[in-house]
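Trainee: Residue numbers (this note's numbering): 307 to 533. Below you will find the structure I want to go over with you.
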């Protein structure tokens, strides 16, 4: 199978005042096309830093990061921005624009990409139907439940047809029933659409729904297990 991601001995060092902090201490793993993978760890384990690397939001201090066959480790800002087109981001706090309805929120990345008119609207509507919100397209954020807002965020991430989804604590603001429904949707997308998905989470139950779990602690992958 084709590898979407390859990380080899990735490190990230920050300097806090005069004190160096090693957030990542030699991370190595790969993700193949069509995998459903969780990155599980407590607060402070390095999950967020790793998410920023995988999403091309930051550069490693050392090591090699390959996204879709390209070594992006030393890319400049413009090159990283181009690389981010491969990634569909789903954020914990949804990041929807309240004054826009669901379909307009989903259209935003297409607008930025220069897609116009009827094509843009049709793609956004298709993405909302894919996540089960075909009947809620004209509702604004305040009129949607937490689970529905998360689905809008997923549709927005999917609408540009990214190479993989990167989900940051996708159930962190949801009750247990809604969280279960959300994970059902993620699993179905992975199985039916063959979408590659990486989920960053502190929740062992969420990780248990994925096919593979990378357990993080203190900037290291302690365990790489098939569920």
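Don't be surprised by glycine CBs; every beta carbon is placed ideally from N, CA and C. Given the structure is predicted, the values throughout are model-derived calculations rather than measurements.
Starting from residue 532, follow its DSSP beta bridges and name the residues at the other end.
Mentor: 518
Trainee: Assuming residue 530 contacts residue 335 under a Cβ cut-off of 8 Å, what Cβ separation, rounded to an integer in Å, is found between them?
Mentor: 6 Å
Trainee: Would residue 509 and residue 477 be called neighbours here (beta carbons separated by less than 8 Å)?
Mentor: Going by C-beta atoms, residue 509 is nearer than 8 Å to residue 477.
Trainee: Helix or strand or just coil, what does DSSP make of residue 326?
Mentor: Annotated three-state conformation of residue 326 is strand, per DSSP.
Trainee: Do you know how far the Cα of residue 488 is from the Cα of residue 481?
Mentor: The alpha-carbon atoms of residue 481 and residue 488 are separated by roughly 10 Å.
Trainee: Closer than 8 Å by C-beta to residue 361: which residues in its own chain qualify, once you throw out the five before and the five after it? Chain order, please.
Mentor: 390, 393, 395 and 472
Trainee: DSSP beta-bridge partners for residue 507?
Mentor: 346
Trainee: So, with DSSP's three-state summary, where would you put residue 425?
Mentor: helix
Trainee: Would you kindly work out how many angstroms separate the C-alpha atoms of residue 406 and residue 413, rounded to a whole number?
Mentor: 10 Å
Trainee: Does DSSP put residue 475 in a helix, in a strand, or in coil?
Mentor: coil
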